[in-house]
Amino acid sequence: MRDKGLVVSTKDDFAQVEVQCFIESCHDCSARSLCVGQDKKKGILVARNPLEAQAGDEVEVDIPETKYNQALILLFGVLLAAAILGMAAGYFLSLLLSLSSSMASFSGLLLALLIAGGWLFRHFHKNRRHHLYPKITSILKRGD
Amino acid sequence: MELVAIFISAILVNNFVLYYFLGICPFLGVSKKIDSAISMGLAVTFVMTITAVVSWAINNWILIPHGLDYLKIVSFILVIASLVQLVEMFIRKVSPPLYQALGIYLPLITTNCAIMGLALLVALREYGFAEAVVFGLGSGLGFTLAIILMAAIREQLDLADIPEPLKGAGISLIVASIMALAFMGFIGMIK
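Residue numbers (numbering that gives the first Met the number 0), protein chains in the order written: chain A, 0 to 143; chain B, 0 to 190.
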């Protein structure tokens, strides 16, 4: 998904881009009125700035929608799998150690979620730190 | 055997969207593409499973032993709101761009009425721990099945010649109602 916008400010490798909502990105979105407000017609995106656009430049921004879905599937898929495995592990451990099965499963769930959370944190920070940010793909018009 | 019955019943017979009509907002709002539907389904399944466990624990370890049954709704609201905040904080820490991209959809996932309905049903039916987990997981998978089916149909509808007045919400509601009728066919499968 692509959108046009105006660079408001830049910092390091990133730029804040004011995109014209209700024109391209948002016109299909059923939650747009909740997201940007009924009377507010512009939204601010933090985008990667490999072309080193400056404040005032009119740019085209690529928003990686498919990557968001993949990231969400990974995020909630891992958490769900960890929750189920944690509860199952807790239950089987309770049979071996003669503990209360509900207490053991609950503890297993909490432990598994902590481990999965830590793994996801490392994964997203190490491998995909900037992977999911929108990216400025071209400068349409230089600012004054 | 009873766990299998609860699981299948939650997915097909007593489907949260198509039988109880709970969680309609994300069902209609995020069912335009199969990719988005899968991610929304997984998110709801995770939140429903965790809600079932946590609401069971609150009800059976705190409310019932202390005779505080009447605080059920208030405590469930509090617990679900806290869980939502935790999930939001976690996603913001794990991936700020994902948090930015999700916008309103994150609260939409986690605070839809299906979650509250699930917590109340777990308490009302007096499920045990394993039953609550299986019911939560089955309900989430039922929601996922319904939203993926809906997304698949809506992707096909983009290519169909639909009368102008029915385009958008009109045809979506008609499709949802036909799906609900089709799912009624599963009634009687499990008593």
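The beta carbon of each residue, even a glycine, is placed where N, CA and C say it ideally should be.
| Check | Outcome |
| --- | --- |
| DSSP state of ALA81 (chain A) mapped onto helix, strand, coil | helix |
| Distance, ALA168 (chain B) Cα to CYS24 (chain B) Cα | 12 Å |
| Where LEU140 (chain B) falls: helix, strand or coil (DSSP) | helix |
| Closer than 8 Å to chain B by CB, PHE91 (chain A) | no |
| PHE13 (chain A) to LEU74 (chain A) span [Cα, whole Å] | 24 Å |
| Residues sharing a beta bridge with PHE75 (chain A), DSSP | Bridge partners of PHE75 (chain A): none, in fact. |
| Whether SER35 (chain B) touches ASN68 (chain A) by CB criterion (8 Å) | yes |
| Cβ contact (3+ pairs, closer than 8 Å) linking the stretch 79-99 of chain B and the stretch 150-163 of chain B | no |
| Among B:SER54, B:SER176 and B:PHE15, the one whose alpha carbon lies nearest that of TYR126 (chain B) | B:SER54 |
| Alpha helix (DSSP H) segment containing ASP34 (chain B), residue limits | 33-56 |
| Beta carbon proximity, MET0 (chain A) to chain B, threshold 8 Å | no |
| Among A:GLY4, A:ARG47 and A:LYS10, the one whose alpha carbon lies nearest that of PRO133 (chain A) | A:ARG47 |
| LEU98 (chain A) at chain B interface by Cβ criterion, 8 Å | no |
| Short-range partners of chain A found in the stretch 42-71 of chain B, where Cβ spacing is below 7 Å | ALA42, THR44, PHE45, THR48, ILE49, VAL52 and ALA56 |
| Element boundaries [beta strand (DSSP E), containing LYS134 (chain A)] | 134-140 |
| For ALA9 (chain B) and PHE134 (chain B), believed in contact at Cβ under 8 Å, the rounded distance | 5 Å |
| Option in A:GLU59, A:LEU113 and A:THR65 with minimal Cα separation from LEU84 (chain A) | A:LEU113 |
| Within-8 Å CB hit, GLY116 (chain A) to chain B | yes |
| Whole-angstrom C-beta distance between THR50 (chain B) and ILE72 (chain B), which should lie under 8 Å | 14 Å between Cβ atoms; not a contact. |
| Three-state secondary structure (DSSP) of ARG124 (chain B) | coil |
| Cα-Cα separation, LEU136 (chain B) to HIS122 (chain A) | 26 Å |
| Sequence-distant residues of its chain with Cβ nearer than 8 Å to ALA4 (chain B) (five each side left out) | ILE189 |
| PHE142 (chain B) beta carbon less than 8 Å from that of MET115 (chain B) | no |
| Distance CB(VAL60 (chain A))-CB(LEU71 (chain A)) smaller than 8 Å | no |
| 8 Å Cβ cutoff met for ALA115 (chain A) and LEU78 (chain A) | yes |
| Three-state class that DSSP yields for ASP61 (chain A) in the structure shown | strand |
| LYS31 (chain B) burial status per 10 Å Cβ neighbour count (16 or more: buried) | buried |
| ASP38 (chain A) versus VAL18 (chain A): straight-line alpha-carbon distance, rounded | The predicted model places ASP38 (chain A) with a pLDDT of 48, which falls under 50 and marks its position as unreliable, so this point remains unresolved. |
| For GLN15 (chain A), the three-state DSSP class (helix, strand or coil) | strand |
| Own chain partners of GLY107 (chain A) with C-beta closer than 6 Å, once the 5 adjacent residues on each side are dropped | GLY85, MET86, ALA88 and GLY89 |
| Proximity test, Cβ basis, 8 Å: ILE37 (chain B) and chain A | yes |
| Within-8 Å CB hit, THR65 (chain A) to chain B | yes |
| Neighbour flag for GLN99 (chain B) against chain A, beta carbons, 8 Å | yes |
| C-beta neighbour in chain A for VAL16 (chain B), strict 8 Å | no |
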